[in-house]
Amino acid sequence: MKILVTGGLGFIGSHTVVELQNQGFEVVIVDDLSNTSLSVLDGIKNITGKVPAFEKLDLREKNSVQDFFKRNQEIAGVIHFAASKAVGESVENPLLYYENNISALVYLLQELQKKEAASFIFSSSCTVYGQAEKMPITENAPIQTAMSPYGNTKQIGEEIITDTAKVTDINAILLRYFNPIGSHPSAEIGELPLGVPQNLVPFITQTGMGLRNELSVYGDDYPTADGTAVRDYIHVVDLAKAHVIALKRLLDKKNLEKVETFNLGTGTGSSVLEVIQAFEKVSGKKLPYKLVGRREGDITEAYANTDKANTVLGWKAQSTLEEAMASAWKWEQKVRS
Ligand SMILES: NC(=O)c1ccc[n+]([C@@H]2O[C@H](COP(=O)([O-])OP(=O)(O)OC[C@H]3O[C@@H](n4cnc5c(N)ncnc54)[C@H](O)[C@@H]3O)[C@@H](O)[C@H]2O)c1
4 MKILVTGGLG FIGSHTVVEL QNQGFEVVIV DDLSNTSLSV LDGIKNITGK VPAFEKLDLR
64 EKNSVQDFFK RNQEIAGVIH FAASKAVGES VENPLLYYEN NISALVYLLQ ELQKKEAASF
124 IFSSSCTVYG QAEKMPITEN APIQTAMSPY GNTKQIGEEI ITDTAKVTDI NAILLRYFNP
184 IGSHPSAEIG ELPLGVPQNL VPFITQTGMG LRNELSVYGD DYPTADGTAV RDYIHVVDLA
244 KAHVIALKRL LDKKNLEKVE TFNLGTGTGS SVLEVIQAFE KVSGKKLPYK LVGRREGDIT
304 EAYANTDKAN TVLGWKAQST LEEAMASAWK WEQKVRS
């Protein structure tokens with residue numbers, strides 16, 4: 004069965020392509036290479052022994068999307084990762100984010116609605132919950148006003164898909180990721196941020212390699228056990244496996260609603276200092292860091308209630324924070340060697 008993975012050469016996409024291939028799916032990747040490189044294809048091949056089909060395509064080009072679907076009519080499902088994802092950049096350049104994250108989604112759905120049946124998996128985010136009142140966060144927690152254009156594109160994206168599914172043969176699953184980290188245990192693929200990393204773990208591993216002088220820990224006066232902010236860090240391989248399970252659920256018509264939503268996290272919150280400790284343990288290195296003031300827009304804590312994903316989707320995260328950190332560190336060392 005042929006599956007389109009948009010943004011399939013990116014961080015989460017490439018790990019999902021590996022899991023899809025491992026499960027016997029035929030994968031076609033489209034990616035415009037705006038935040039990745041072609042070498043990821045080699046990494047995928049080194050793991051699975053199969054090179055996925057790949058097309059360099061910018062999903063903002065409506066004609067290219069139409070043309071792609073004309074040439075690939077047998078596509079049964081789409082996992083849509085392609086998006087711009089830097090929160091700060093989205094504040095500086097909101098229209099770039101609305102164009103990339105919204106137009107591309109609309110063009111894809113316009114093609115999918117022509118099919119008799121189509122399965123669509125969407126990369127959403129726990130940012131839709133903002134600072135939730137109750138921990139752990141369930142899927143029923145209220146959606147809060149987005150704190151950035153990026154976060155808003157995830158909320159609008161969910162609404163566009165829900166409205167479209169109501170009146171078409173599209174069935175969809177919205178996956179709200181908590182904080183994906185780590186890399187494939189083979190270190191053949193991993194997270195490759197361009198420029199200064201926006202996320203904690205690549206910043207830590209780059210600092211561990213001496214590429215950055217020190218890590219700034221934003222805020223040590225949060226109402227948490229050690230004063231630093233708490234997040235739910237999930238191993239990217241666990242996350243990737245959830246996509247395959249979600250896709251099969253739609254293809255096998257096991258979904259109970261036209262659009263279903265699942266949190267993907269471990270269910271455990273870890274503070275920034277705990278993440279640093281996990282790094283120090285797996286690397287045997289002391290991480291230089293300084294405590295600085297809170298960063299605007301950061302929330303205190305977010306971790307998932309995973310009951311729905313566990314019981315309804317039949318998925319549970321397996322890896323510990325230390326295992327995820329060890330894989331991230333292995334990858335960083337390989338990339339810099
Ligand atoms: N990484 C996270 O922390 C996180 C958390 C929550 C949600 N998400 C969402 O998950 C998805 C994947 O995230 P990621 O971390 O793998 O990001 P990534 O940047 O590594 O991957 C996205 C891929 O999409 C490609 N792309 C971007 N715009 C495109 C376009 N117009 N046409 C074709 N390809 C395009 C990029 O080149 C990149 O390879 C995104 O939608 C992101 O918003 C990520």
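Taking this note's numbering, the leading residue of the sequence shown gets 4, the next gets one more, and so forth.
Ideal Cβ positions, reconstructed from N, Cα and C, are used throughout, including at glycine.
Since we're looking at a predicted model, the values are computed, not measured.
Relative to ligand 1, leucine 203 has its C-beta separated by 7 Å or more from all heavy atoms. Residue burial is scored here from C-beta neighbours: asparagine 66 has fewer than 16 other C-beta atoms within 10 angstroms and is therefore classed as exposed.
The criterion of a C-beta distance shorter than 8 Å is not satisfied by leucine 242 and leucine 203. A Cβ-Cβ contact shorter than 8 Å links tyrosine 101 with threonine 156. Residue environment: aspartate 172 is assigned as exposed (fewer than 16 neighbouring CB atoms within 10 Å of its CB, all protein chains considered).
In the structure shown, histidine 83 adopts extended strand secondary structure according to DSSP, grouped into three states.
Put simply, of Glu95, Ser186, Val30, Asp235 the residue whose alpha carbon is nearest the alpha carbon of glycine 80 is Val30.
When C-beta atoms of the stretch 321–337 are compared with those of the stretch 185–198, three or more pairs fall below 8 Å, so the two segments count as touching. Remark: the C-beta of tyrosine 292 is outside contact range of ligand 1, defined as less than 7 Å to any heavy atom. With fewer than 16 neighbouring CB atoms inside 10 Å of its own CB, isoleucine 146 falls in the exposed class. Cβ-Cβ distances below 6 Å link valine 262 to Thr165, Ala168, Ala175 in the same chain, with the five nearest sequence neighbours on each side left out; the list follows chain order.
In the three-state reduction of the DSSP assignment, aspartate 34 falls in the strand class.
In the DSSP annotation of this structure, the continuous segment of the beta strand (DSSP E) that includes arginine 179 starts and ends at 173–180. Ranked by Cα distance from glutamate 162, the options His246, Phe125, Phe181 are led by Phe125. Ranked by Cα distance from glutamine 113, the options Phe206, Ser340, Arg63, Tyr292 are led by Arg63. In the structure shown, alanine 249 falls within a helical segment according to DSSP collapsed to helix, strand and coil. With a minimum length of 4 residues, the unbroken runs of alpha helix (DSSP H) contained wholly in the stretch 42–70 fall at 42–51. The shortest C-alpha to C-alpha distance from glutamate 277 to any of Ser128, Thr130, Val220, Asp45 is the one to Val220. Ranking Asp310, Arg215, Gln209 by CA distance to the CA of isoleucine 140 puts Asp310 first. In this structure, the alpha-carbon of alanine 120 lies about 14 Å from that of methionine 4. The way I'd put it, the stretch 4–22 doesn't touch the stretch 224–237; fewer than three beta-carbon pairs between them come closer than 8 Å. Contact between valine 199 and tyrosine 153 does not hold, since their C-beta atoms are separated by about 17 Å, which reaches or exceeds 8 Å. Excluding residues up to 5 positions away in sequence, Leu259, Glu263, Phe265 lie with their Cβ nearer than 8 Å to the Cβ of valine 315 in the same chain. Per the C-alpha coordinates, the member of Arg298, Thr19, Glu136 positioned closest to glycine 222 is Arg298. Judged by beta-carbon spacing, asparagine 38 lies beyond the 8 Å limit of leucine 214, meaning their Cβ atoms are not closer than that value. For valine 262, DSSP records a beta bridge to Ala175. In this chain, phenylalanine 28 is not harboured by any beta strand (DSSP E), its DSSP state being neither H nor E. Annotation: lysine 117 to glutamine 26 spans about 27 Å, alpha carbon to alpha carbon. If the five residues before and after alanine 281 are omitted, its C-beta is found closer than 7 Å to the C-beta atoms of Leu324, Glu325, Met328, all from its own chain and listed in chain order.
Look at isoleucine 15: its beta carbon is less than 7 Å from one of the heavy atoms in ligand 1. Boundaries of the alpha helix (DSSP H) harbouring isoleucine 159: 152–169, taken from the DSSP string. Contact between histidine 187 and valine 21 is confirmed by a C-beta separation of about 7 Å, below the 8 Å threshold. For alanine 121, the three-state secondary structure derived from DSSP is strand. In this structure, asparagine 174 has its CB at a distance of at least 7 Å from all heavy atoms of ligand 1.
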